[in-house]
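Residue numbers (the numbering used here): 8 to 131. For glycine and all other residues, C-beta sits at the position ideal for the given N, C-alpha and C. Structure first, then comments.
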Amino acid sequence: MSDFAQAAMAFPDPLLIVSYADGLRYVKHRLNAFAHGGLKPWAESQGMNYTMVVNLKNSQLTKQTPLLVQRILKIFGFDTEPIRTMQGGKQAYRFLFSTPEQLQVFHTQLAFFEPEDPSSVPAS
Numbered sequence: 008m009s010d011f012a013q014a015a016m017a018f019p020d021p022l023l024i025v026s027y028a029d030g031l032r033y034v035k036h037r038l039n040a041f042a043h044g045g046l047k048p049w050a051e052s053q054g055m056n057y058t059m060v061v062n063l064k065n066s067q068l069t070k071q072t073p074l075l076v077q078r079i080l081k082i083f084g085f086d087t088e089p090i091r092t093m094q095g096g097k098q099a100y101r102f103l104f105s106t107p108e109q110l111q112v113f114h115t116q117l118a119f120f121e122p123e124d125p126s127s128v129p130a131s
């Protein structure tokens, strides 16, 4: 078990946690950013099931897949650990980032994909 995984077993720092929904939104944005025909070779090169990746991207999975989202986050450079908590009698997944710097980069990149002012997106 890594030092980070052991630290995650202790009470996690709430400032380093994002919701499953935020992690999933980021992953979906990144997967949708692949040019037409680029996702399949990428998924195969990562040893991932292409159908699962496409279903995740298109919101066609019927249950949460925190390990798949975590794996994709890691591929995109984010060292996270999934955490499961109970909220209102239901399981809720979250992702614990290893450093504040990684979390800041995550939020910066997510904000790029979801600008508050759509006119602020650079034209291509």
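How should residue 73 be labelled, buried or exposed, when 16 other C-beta atoms within 10 angstroms of its C-beta is the threshold for buried? A residue is called buried when at least 16 other Cβ atoms come within 10 angstroms of its Cβ; residue 73 meets this threshold and is buried.
Who does residue 24 pair with in a DSSP beta bridge? Beta-bridge analysis with DSSP links residue 24 to 103.
I need the straight-line Cα distance from residue 18 to residue 43, nearest angstrom please. A straight line joining the alpha-carbon of residue 18 with that of residue 43 spans about 42 Å.
Classify residue 22: buried if its beta carbon has 16 or more other beta carbons within 10 angstroms, exposed otherwise. Residue 22 comes out exposed.
Using only the alpha-carbon positions, how far apart do residue 24 and residue 52 sit? Rounded to whole angstroms, residue 24 to residue 52 spans 29 Å at the Cα level.
Between which residues of its own chain and residue 71 is the CB-CB distance below 7 Å, once the five residues before and five after are set aside? Excluding sequence neighbours, residue 71 sits near 27, 100.
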